[in-house]
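Residues in the sequence shown are numbered from 890 upward in steps of one, following this note's numbering.
Quick reminder that beta carbons are idealized off the backbone N, C-alpha and C, glycines included.
In this text the structure is predicted, and so the values were computed from the model without any measurement.
Only one structure is covered here, and it is reproduced in the block below.
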Amino acid sequence: MEKIIDENKQGETLVLDQKEGNKRKLFIESYGCAMNFSDSEIVASILATAGFNTTQNLEDADLVLVNTCSIRDKAEQTVRKRLEKYNAVKRDLNPKMKVGVLGCMAERLKTKFLEEEKIVDLVVGPDAYKDLPNLLAEVDEGRDAINVILSKEETYGDISPVRLNSNGVTAFVSITRGCDNMCTFCVVPFTRGRERSRDPQSIIEEMNDLWHRGFKEITLLGQNVDSYLWYGGGLKKDFDKASEFQKATAVTFSNLLELCAKTQPKMRIRFSTSNPQDLTLDVVETMAKYQNICNHIHLPVQSGSNRILKEMNRLHTREDYMGLIDNIRKIIPDCAISQDMIVGFPTETETDFQDTVSLMDYVKYNFGYMFTYSERPGTMAERKMKDDVPEEVKKRRLQDIVDLQREHSEIRTKEYLHTVVEVLIEKESKKSITQWSGRTPQNIVAVFPKEHYKVGDFVNVKVTDCTSATLIGEAIGLSMNN
Ligand code: SAH
Ligand code: F3S
């Protein structure tokens, strides 16, 4: 299964902020991780100052941008299919439209994109969006344009994003860019560059602005949030070279969390993603100290086998990970924990796979995202190892853990039966127009009859029933957080 934020959001562009006087129309859609969805909001904001408002209709668009994902081959194939669709629309309905590719595929394929896909006029990597107005000027003059330069600075800290696909209640706030971890299977360090952190001041300003516009929950985003470190700018790897003053006044991730939690004590705060090797207990203690930091940690482990973890360059063992889980549960007993897993990494044996199964049995995650290994060009695993687990074995292992996770999710959701949970209402339930849908602090979806409540309310909900992924209940009143 693909890791996506919300299936409904794929390809949708809801118009929230429109600037008067803007004449040109931008259709923008995003694939892949939350960071891509967040980056598209930054892009829409940059282009709003260059004369573009967003549209939901491909047929009307002057400019079509697709923010792409390279994490697995399947993600790239999805984008290729979309390009075919744009091609058909351009040919039959909208010959004036220009097409640009953003994000990780742009960075990975660079000029190859212009050669391989005739429909593409513009290729822009994740750190080059500020250059879009200049690049578009070139496209307007009939030339293809490309910028895939990666940056050493947090590039968009000063941009206030336009909120696309917004429910008006929850928003993403980027805090770091890039990743220095070099997991051997992962293309992200190549497509998003080295790790750098954003000025806490600008993070707080964005959070305050969201709060004043009625938003009730933010998710702090980074490939590896726990490695956040602000010391005045620059790459994380250059921290050693910082001055004594910079080192003494540096802001860590737990400092940042605390700052956010204190600045807006009624705003829910989430974060994603944590690499187990970088998650420190002071972060967990800060979570415990502030009621508005949600009790959920997305803690991808990828494999339960020590040998495979080593081959993946994940710098912890199975035992370290289990110890971390024990500590999290000691400090926050009701903390939800979710996973990402990869099956069929090169050389993975049945015994290695059974180690993954037994680790899942140990943790009993609340939910998770599971994938078959997809070899990515340029990564260490691709260069040094043979993709030797047969496709049908990968598929069978995936099915096994997907089934196991469903069982575990069911056990976990059942723990909430007959309890009262706090739900932040986000939208109407997909299944019924008479029900609201929202999430608990543990990130579990809950649905309940609308009554007089409204989107953005924090509501106490008595859980009367559940499926493996959803709590079903009825509201018993507004929570004290309103
Ligand atoms: N730190 C990132 C991880 C990005 S990739 C984050 O913010 O989520 C998300 C997940 O995709 C990883 O945790 C991993 O489980 C999966 N993944 C990454 N590369 C992969 C590959 N080559 N094949 C299959 N799954 C992969
Ligand atoms: Fe990828 Fe590992 Fe970073 S999964 S994003 S290299 S933490």
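Local Cβ density within 10 Å of residue i, reported as buried at 16 or more and exposed below that
i: residue 971; result: buried
i: residue 1026; result: exposed
i: residue 1071; result: exposed
i: residue 1134; result: exposed
i: residue 969; result: exposed
i: residue 1340; result: exposed
i: residue 1330; result: buried
i: residue 973; result: exposed
i: residue 1191; result: buried
i: residue 1101; result: exposed
i: residue 1294; result: buried
i: residue 1298; result: buried
i: residue 946; result: exposed
Proximity test, Cβ basis, 9 angstroms: residue i and chain D
i: residue 1312; result: Note that chain D does not occur in the displayed structure, where there is just one protein chain.
For residue j and residue i, believed in contact at Cβ under 8 angstroms, the rounded distance
i: residue 1316; j: residue 1344; result: 7 angstroms
i: residue 1231; j: residue 1256; result: Residue 1231 to residue 1256, Cβ: 16 angstroms. No contact.
i: residue 1336; j: residue 1361; result: 6 angstroms
i: residue 1347; j: residue 1368; result: 4 angstroms
i: residue 1189; j: residue 1229; result: 3 angstroms
i: residue 1034; j: residue 1014; result: Not a contact, Cβ separation roughly 12 angstroms.
i: residue 1169; j: residue 1115; result: 7 angstroms
i: residue 934; j: residue 1049; result: 6 angstroms
i: residue 1065; j: residue 993; result: Rounded, the Cβ-Cβ distance is 16 angstroms, inconsistent with contact.
i: residue 1109; j: residue 1062; result: 6 angstroms
i: residue 1283; j: residue 1305; result: Wrong, their Cβ atoms sit about 34 angstroms apart, outside the cutoff.
i: residue 976; j: residue 1008; result: 5 angstroms
i: residue 982; j: residue 948; result: 5 angstroms
i: residue 1162; j: residue 1113; result: 7 angstroms
i: residue 1235; j: residue 1275; result: 6 angstroms
i: residue 1157; j: residue 1181; result: 6 angstroms
Secondary structure of residue i, DSSP reduced to three states
i: residue 894; result: Annotation note: pLDDT 32 at residue 894 (below 50); position unreliable, no value reported.
i: residue 1110; result: strand
i: residue 980; result: helix
i: residue 1032; result: coil
i: residue 1278; result: coil
i: residue 1259; result: strand
i: residue 1191; result: strand
i: residue 914; result: strand
i: residue 1324; result: strand
i: residue 1304; result: coil
i: residue 1247; result: helix
i: residue 1116; result: helix
i: residue 1290; result: helix
i: residue 1238; result: coil
i: residue 955; result: strand
i: residue 961; result: coil
Bounding residues of the alpha helix (DSSP H) (the contiguous stretch that carries residue i)
i: residue 1096; result: 1089-1101
i: residue 1215; result: 1207-1220
i: residue 935; result: 923-937
i: residue 1148; result: 1142-1152
i: residue 1225; result: Unbroken run through residue 1225 is the beta strand (DSSP E), 1225-1232; no alpha helix (DSSP H).
i: residue 1052; result: No alpha helix (DSSP H) contains residue 1052, which DSSP labels as neither H nor E.
i: residue 1128; result: No alpha helix (DSSP H) holds residue 1128; DSSP gives it neither H nor E.
i: residue 1063; result: Element bounds for residue 1063: not the alpha helix (DSSP H) but the beta strand (DSSP E), 1059-1063.
i: residue 1011; result: Premise fails: residue 1011 lies in the beta strand (DSSP E), 1011-1013, not in any alpha helix (DSSP H).
i: residue 1364; result: Per DSSP, residue 1364 belongs to no alpha helix (DSSP H); it is in the beta strand (DSSP E), 1359-1367.
i: residue 1273; result: 1269-1273
i: residue 988; result: Here residue 988 belongs to no alpha helix (DSSP H); instead the beta strand (DSSP E) covers 987-992.
i: residue 1264; result: Counting along the chain, residue 1264 falls outside any alpha helix (DSSP H), and DSSP gives it neither H nor E.
i: residue 1172; result: 1170-1178
Run of the beta strand (DSSP E) containing residue i, from where it starts to where it stops
i: residue 1187; result: 1185-1187
i: residue 838; result: Limits of the chain in this structure are 890 at one end and 1371 at the other, which puts residue 838 out of reach.
i: residue 1195; result: Premise fails: residue 1195 lies in the alpha helix (DSSP H), 1195-1200, not in any beta strand (DSSP E).
i: residue 947; result: Looking at the DSSP string, residue 947 is not in any beta strand (DSSP E), and its letter there is neither H nor E.
i: residue 1354; result: 1347-1355
i: residue 1039; result: Element bounds for residue 1039: n/a, residue is neither H nor E.
i: residue 1161; result: 1157-1161
i: residue 1003; result: Careful: residue 1003 lies outside any beta strand (DSSP E), inside the alpha helix (DSSP H) at 1000-1005.
i: residue 1076; result: That residue, residue 1076, is in no beta strand (DSSP E); it is neither H nor E in DSSP.
i: residue 1310; result: 1309-1317
Contact the region 1080-1090 vs the region 1211-1225: 3+ CB pairs below 8 angstroms
no
Whether or not the region 1031-1048 and the region 911-925 are in contact is what I'm after, with contact meaning three or more pairs of Cβ atoms, one per stretch, closer than 8 angstroms; do they touch?
Contact between the region 911-925 and the region 1031-1048 is absent, because fewer than three Cβ pairs lie under 8 angstroms.
With contact counted as at least three CB pairs below 8 angstroms, one residue from each stretch, are the region 1238-1257 and the region 1206-1216 in contact?
yes
Report yes or no: do the region 939-957 and the region 906-913 share at least 3 C-beta pairs separated by less than 8 angstroms?
yes
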